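Novice: Before we start, here is the structure in question, set down as structure tokens.
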Amino acid sequence: MNSPADKVTIEKKRCKGCELCVIFCPRKRISMSAGLNAYGVRYAVFTDETGEAACNSCGFCYLVCPEVAIEIRK
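Residue numbers for the sequence shown follow the numbering used here, beginning at 52 and rising by one.
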């Protein structure tokens, strides 16, 4: 199990906009961006400034991301 002190990073350049992280985030801290990435799709971002801070690093987003666009670091 990850600890709340772990750092969750979303790599916008890898995201292909499947929205699985948005669907599976139990705290609803991830949404899709207003802008587009290099693939021409809206990419995953934290909902607001508090989104990243309110993340408990549960790892669901990391596990469901087929593009490995989300990383959890100690």
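We put the beta carbon where it would ideally sit given N, CA and C, even for glycine. Since this is a predicted model, take the numbers as computed values, not measurements.
Is it true that the CB of Lys67 sits closer than 8 Å to the CB of Val92?
Specialist: Counted from its first residue, the sequence shown places residue 92 at position 41. Counted from its first residue, the sequence shown places residue 67 at position 16. Taking 8 Å as the Cβ cut-off, Val92 and Lys67 qualify as a contacting pair.
Novice: So, Val119 versus Phe75, is the Cβ gap smaller than 8 Å?
Specialist: In the sequence shown, the residue the question calls residue 119 occupies position 68. In the sequence shown, the residue the question calls residue 75 occupies position 24. It is not a contact, given that the beta carbons lie outside the stated cut-off.
Novice: For Leu71, I'd like the list of residues in its chain whose CB is within less than 6 Å of its CB, leaving aside the five on either flank, ordered along the chain.
Specialist: The residue given as residue 71 occupies position 20 in the sequence shown. Cβ neighbours of Leu71 beyond the five flanking positions: Val115.
Novice: I'd like the span of the alpha helix (DSSP H) that includes Thr101, first residue to last.
Specialist: Counting from one through the sequence shown, the residue named residue 101 turns up at place 50. Glu100 to Ala105 is the span of the alpha helix (DSSP H), which, as asked, contains Thr101.
Novice: Per DSSP, what kind of secondary structure is Tyr113 in: helix, strand or coil?
Specialist: Mapped onto the sequence shown, residue 113 falls at position 62. Three-state DSSP puts Tyr113 in a helix.
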